[in-house]
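Comments concern the structure below.
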């Protein structure tokens with residue numbers, strides 16, 4: 001369990017994080033979303049014990065993280081820009097990881113070598129950025145971390161490799177209850193892998209919820225009536241958004257599925273369809289209702 005409680009951080013008197021609180025359960029895959037400059041990387045570095053917060057508390061297994069080597073040995077943090085020692089080959093870098101992490105698994109490293117298909121004797125700096133990122137993920141998973149923190153991990157990866165990496169992460173979560181935190185500015189990159197989502201904007205957490213809960217209580221409905229929209233129709237529903245398309249009305253409403261269905265049917269519409277919502281649409285309407293421009297958060 002990772003507990004983040006009222007974390008704040010400033011650089012040069014400029015607030016980067018303000019009273020951020022949430023928890024990540026063991027074996028969960030948590031997606032941290034936000035535009036560039038939202039504070040995602042700073043928050044990840046605090047969780048990984050690289051930065052120390054100015055206020056608040058971060059605990060992993062009830063222990064503080066900063067300057068705690070025993071906890072840090074359980075964490076792999078893959079930054080958005082990967083770094084390796086100059087002139088090191090993949091094999092040399094693997095030996096370095098082995099010296100740092102007691103949980104290093106040489107057998108896993110060899111299995112992943114076959115999966116990624118990259119020569120371990122190649123110097124990492126001679127590889128493309130996409131291949132360097134694959135090496136970083138390969139090394140990270142071979143260390144068998146309890147907590148895997150990834151900052152924009154899918155940038156530069158082609159669709160086949162992205163799917164391969166996601167499958168590996170899900171496999172480790174299922175088999176070892178590895179806890180994963182993935183940051184991204186692109187909701188589509190993480191919606192098929194995460195079970196929990198948080199949106200960070202200008203250093204504050206705007207929305208933090210389980211994905212299943214989000215999908216259960218928000219619906220897109222398409223309706224039409226013989227004449228005008230009946231009086232008090234909208235009073236019956238918790239409408240987040242509505243749009244007229246000729247004689248058809250498109251609404252985004254919040255509420256239990258059966259409750260929404262019964263309330264609409266009461267007015268005898270001639271057309272009534274419940275349409276699927278993408279996760280991106282859910283966030284747009286959720287945050288739009290709170291008065292925020294979600295388009296600037298998830299670009």
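Numbering (full-length UniProt numbering), first residue to last: 1 to 299.
Ideal placement from N, C-alpha and C gives every residue a C-beta, glycine not left out.
Going by DSSP, residue 70 is part of the alpha helix (DSSP H) stretching over 69–72.
The beta carbons of residue 120 and residue 89 sit closer together than 9 Å. In the DSSP assignment, residue 23 falls within the unbroken beta strand (DSSP E) covering 14–24. Relative to residue 260, the option among 247, 275, 23, 246 whose CA is nearest is 275.
At a Cβ-Cβ threshold of 9 Å, residue 277 and residue 220 count as neighbours. As the crow flies, the alpha-carbon of residue 125 is around 42 Å from that of residue 214. Just so you know, the alpha carbons of residue 59 and residue 229 end up roughly 53 Å apart. At a Cβ-Cβ threshold of 9 Å, residue 200 and residue 20 count as neighbours. At a Cβ-Cβ threshold of 9 Å, residue 94 and residue 128 do not count as neighbours. Two segments are said to touch when three or more pairs of C-beta atoms, one from each, lie closer than 8 Å; by this definition the region 187–204 does not touch the region 245–265.
Rounded to the nearest whole angstrom, the C-alpha separation of residue 226 and residue 6 is 53 Å.
Counting along the chain, residue 227 sits inside no beta strand (DSSP E), nor does DSSP assign it H or E at all. The count of Cβ pairs closer than 8 Å, one atom from the region 202–209 and one from the region 243–250, stays below three, leaving the stretches out of contact.
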